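Read in order, the letters of the sequence shown correspond to residues 128 to 345 in our numbering.
Cβ atoms here follow ideal geometry from the backbone N, Cα and C, with glycine treated the same way.
Source: prediction; values computed, not measured.
Working notes, beginning with the structure itself.
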Amino acid sequence: MELLFILFFLAILWFFFNKKTPTKKAEKNPSNNNSAPLPKIIIDYGKRKPGQRKQGPPVDTFEAEKERLRQKFETEPSDGDVKWSLLNKSIAMHVKEQQWGLYRNDLFDMAEILRKESKGLRALDKYFEVCYLDLNGPNNIGISDPDILAEFPPFSPDNIFLAPFVTDRIKRLTKELSLDFDKAKSRFIKVASGMEKRLKLPVNSDIAWEQLRAELQK
């Protein structure tokens with residue numbers, strides 16, 4: 128009898144400690160999407176939302192890279208130099224892994240560094256690279272299997288995105304640099320043509336310019 132009582136008591140304890148507390152689902156906040164996208168925009172870069180500030184590299188990573196550059200060049204590197212070096216490593220990794228959305232974000236971060244360093248023309252070219260990649264619909268694949276890539280291609284030009292905060296940067300820079308549309312087009316085509324050949328992108332650079340120009344004229 129005592130054994131049955133003990134077993135019954137243990138069963139109650141087991142039930143009590145293993146009872147799951149219902150979790151509350153996170154509420155969706157539609158106000159988080161503060162951009163005005165073009166038609167057919169279905170893209171998630173996986174790293175951060177458009178307009179969301181990126182967290183910098185971990186302090187230990189940043190300091191380690193800074194020390195590496197200091198020893199390599201025997202001079203004190205600027206924070207911009209360290210960030211640029213880390214971004215180059217990130218780009219190489221994302222290209223290898225076919226993480227094209229993350230690659231695109233790396234290009235944007237490079238453009239921001241150049242803009243803050245008042246290197247207007249170089250910053251403009253990087254923003255053009257970002258927009259051209261956006262107009263090809265970059266996807267984060269992370270695989271190299273040809274059968275899977277046939278079903279899930281690295282670029283989906285039907286699903287495009289032009290972030291307003293990027294096109295706004297381009298508008299301001301072209302104005303500051305006194306570039307009209309013809310000169311801006313020339314720079315864009317030069318930048319985009321190189322990317323088109325290097326990355327085998329599906330959208331022609333001339334077609335991409337017409338799409339970008341339509342957005343810049345708004």
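Pairing P291 with W227 gives a Cβ-Cβ distance that is not under 7 Å. Counted as a single uninterrupted DSSP element, the alpha helix (DSSP H) harbouring K253 occupies residues G247 to D261.
When DSSP assignments are scanned along the region 291-339, no uninterrupted stretch of beta strand (DSSP E) that is 3 or more residues long falls wholly within it. DSSP places L213 in the uninterrupted alpha helix (DSSP H) bounded by D206 to K223. F282 is bridged by DSSP to P265. Separation of L343 and T294 (C-alpha to C-alpha, rounded to the nearest whole angstrom) is 6 Å. In this model, S217 and G264 are separated by some 20 Å (Cα to Cα). Cβ neighbours of M237 within its own chain (closer than 8 Å, five residues either side excluded): W211, L214 and K253. Per DSSP, reduced to three states, the secondary structure at Q226 is strand.
V209 and D233 have their C-alpha atoms some 14 Å from each other.
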